[in-house]
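Here is the structure we will look at, set down as structure tokens.
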């Protein structure tokens with residue numbers, strides 16, 4: 001298996017977003033990764049659905065590993081910022097950070 005540079009976990013639990021926007025966000029994430037060249041190669045990103053991060057009503061939640069960054073209330077526009085600035089540019093999108101843990105290497 002080829003290694004991943006990043007692992008994005010997306011909470012798609014029903015208590016996180018009642019209207020299903022997190023599931024829609026997860027589905028469009030795959031398309032957004034492909035368009036940006038993040039589905040393959042050295043910058044390859046794995047995406048995973050999670051059912052609950054236990055911070056309900058703050059969703060959609062997206063966590064970035066190995067950086068340990070938790071983003072809350074992620075809209076499609078915020079997701080674009082995260083992909084472009086954080087993953088491609090190496091800059092955390094501070095105005096959307098819910099929690100910043102230590103990087104795990």
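Numbering (full-length UniProt numbering), first residue to last: 1 to 105.
Glycine included, each C-beta is placed from N, C-alpha and C at the ideal position.
From a predicted model like this one, the values you see are computed outputs, not experimental measurements.
Ranked by Cα distance from residue 46, the options 103, 93, 3 are led by 3. Close CB contacts of residue 51 within its chain, under the 6 Å cut and outside five residues either way in sequence, are with 13 (chain order). Beta-bridge annotation (DSSP): residue 64 is paired with 8, 69. Under the three-state reduction of DSSP output, residue 92 falls in the coil class, being neither helix nor strand.
Between the beta-carbon of residue 63 and that of residue 100 there is about 11 Å, and that puts the pair past the 8 Å contact cut. Note that the C-beta distance between residue 25 and residue 76 is below 8 Å.
Separation of residue 94 and residue 38 (C-alpha to C-alpha, rounded to the nearest whole angstrom) is 21 Å.
The Cβ-Cβ distance between residue 73 and residue 10 does not fall below 8 Å.
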